[in-house]
Structure formats: structure tokens, C-alpha cells
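Residue numbering for the sequence shown follows UniProt numbering, beginning at 1 and increasing consecutively.
In this text, a Cβ means the ideal position worked out from N, Cα and C, and glycines have one as well.
Written out below as C-alpha cells is the structure these notes cover.
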Amino acid sequence: MLKQLNKPLIALALAGLALNAHAHRPWMVPSSTMVESKDAWVTVDAAISEGLFEIDHQPLRLDALVVTGPDGAKVTPANAITGRLRSVFDVKMEKPGTYKAAIVSQNVMASYKLNGEQKRFRGNEETFKKDLPADAQDVKVTRTASRLETFFSNAETSTEVFKPTGVGLELVPVTHPNDLRAGEKATWRFLIDGKPAANQAFSLVPGGVRYRGVLGEIRQNTDAKGEITFTVPAAGMYYVNSSWPAATPPVAGQPPAMPERRMTYAATVEVLPE
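Given below as C-alpha cells:
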């Protein structure tokens, strides 16, 4: 029997594909993005919610969580728990510089016919190759690569954690995410498999949607170098989102198109006051 991927991971793989006010988004929000203390800690909330940064749906599983320190070494999170509506973990920042918390997944979604019956699969590459029946017909496969991140710094910012892996959709900021200020221009660069993501759609949504009643989304596209320059009008926590390929309009009477590959990127950043 084909193994099934659990629902939280599927939600993480797909949530970045929708940019409307009612999408279920996965997110991680640190208690602070800049810490100056001899005993530097941050606490990070992690959830999947309908209301941005609200704890209203289900926790984000931490199985694939990786925390990277300023020197590129992995840092073991402390006090990790998963509750009914959110997960929480702490990070002790023993070294100065920027840390990154990331949840990365690469999955396979497929449909096929077996003995005339329609079947579906969601799982990883290894399981798919092992368990797909040899006599499966009309096989349609989509491979997804999703990346969810947030950043926090101790005493000073650094850039080691932004070194690209060359796999999937990635953010390599020109302006450091922990140096964002309201009213000031910032520049970011997006990459797809290590190469500039030209004309890549980018979305930035401020938290507090429930109190505004409007999404307040900033949307732009990258230039030929994969770069975006933007100005954030107000301070606060923001949700960064980008996905590839661009969604295609549905065709009446036909099932949704399944591209061979989908990539999503999402992150939480803080914009400080002027």
C-alpha cells in the first residue's frame, strides 16, 4: 500500500500556492528578531492558520525543523512542544549574528489508474519509486519543494545563513531581513535552483488582518536579476510569500492543471519603526 504524507506537511507544501485572505498559511513567529542580551534566547510560535499569525487552526509539526547558527552549524532547539493549535520551541543564541529556523520539504503528488480505478498518492520520492505499481496507467506526477523560514539575530546581523542550497525557490536578501525599517527601501533576490528567478511574483502581507478587515498585501515581480526593491509603509510582522509556477486560470469542465513541479517559499520578517 502506498504510504500517505500527513496533513500538516501537505498543508505546508500547498499553503504558499494561494495568496488570498482565506488561505491556510504555515508560519513561524519569533518573540524577537533582534536580541541584545548576555543570555540571549528567542521563543518561536509555529502554526498553520486561516487568520495570519492567529492561533486558530492547527499546529505546525516540527519534525523537519532545522535551526542554523551564524557559523553555519546546526543549533538544537530547546523545550519544543506541539499543542492542539500551535507548536513552540526556544533557541539559545550563544554566538553573535543571525540565526535561521527553517522547515523544508520535498514531496511527490501523483494520480494514476490501476485496473480502471483512479488512485492518488502523496509522499516522498523514495516511497513513490518503491510503491508505484508497475502496471499503473495514465500516471501524472507533480513534485513539490517548499521552504518556510524565519530569522533572528543576537547583538548583530550576519549573512552565513542565507547561503543558497541551489534547490527550489530561495530568498537571498540584499537587505538583511533583520534590518528592515518602515519607510526605507529594501532589496531582496529570489533564486530558483540557484539561478535568478526572473519575473517571479512576490507577496508581503502585514499581520493584524483581523483588525484591519483588508489584506493590505504588497505585490511585485522580480526583475531579470531576480531582484525586488520595495518600501514597507509601516512597522510590524510581515508574511513573505512566493510560488512557482504562476497559477493558471481554471478551465470549465476540466480538472485543475498539474504542473510537473511546484515550488513555494514563505517566511516571517519584522519591520522596525523608522
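Considering only the beta carbon of each residue, do residue i and residue j sit closer than 8 angstroms?
i, j, result
"VAL91", "TYR99", "yes"
"residue 275", "TYR238", "No answer is possible for residue 275: the residues shown for the chain start at 1 and end at 274."
"MET147", "GLU170", "The residue asked about is misnamed: residue 147 is Arg in this sequence, not Met. Taking 8 angstroms as the Cβ cut-off, ARG147 and GLU170 qualify as a contacting pair."
"VAL174", "THR187", "yes"
"LEU114", "ALA145", "no"
"ARG189", "VAL172", "yes"
"ALA101", "LEU65", "yes"
"ALA224", "ALA197", "no"
"PRO177", "PHE202", "no"
"PRO96", "LEU60", "no"
"GLY213", "PRO164", "no"
"PRO206", "GLY236", "yes"
"MET28", "THR268", "yes"
Under a Cβ-count criterion, where at least 16 other Cβ atoms within 10 Å of its own Cβ denotes burial, should residue i be classed as buried or exposed?
i, result
"ASP45", "buried"
"ILE81", "exposed"
"MET263", "buried"
"PRO273", "exposed"
"MET258", "exposed"
"SER153", "buried"
"residue 306", "Within the shown structure, residues of the chain are numbered from 1 to 274, placing residue 306 beyond reach of any answer."
"GLU260", "exposed"
"VAL271", "buried"
"GLU50", "exposed"
"GLY83", "exposed"
"GLY168", "buried"
"ALA47", "buried"
"GLN254", "exposed"
"VAL42", "buried"
"ARG120", "exposed"
Based on the DSSP secondary-structure assignment, which residues constitute the bridge partners of residue i?
i, result
"GLN106", "ALA145"
"LYS163", "Its beta-bridge partners do not exist; DSSP assigns none."
"PHE121", "ALA110"
"PHE202", "GLN220"
"PHE230", "ALA186"
"MET237", "GLU270"
"residue 324", "Examination of residue 324 is not possible in this model, given that the chain is present from 1 through 274 alone."
Residue i by DSSP, collapsed to three states: which one?
i, result
"VAL174", "coil"
"ARG86", "coil"
"ALA21", "Reliability of the predicted coordinates at ALA21 is poor, the pLDDT of 42 falling under 50, and the value obtained from them is presented with this limitation in mind. Coil at ALA21, not helix or strand."
"THR127", "helix"
"VAL251", "coil"
"ARG212", "helix"
"ASP179", "helix"
"LYS100", "strand"
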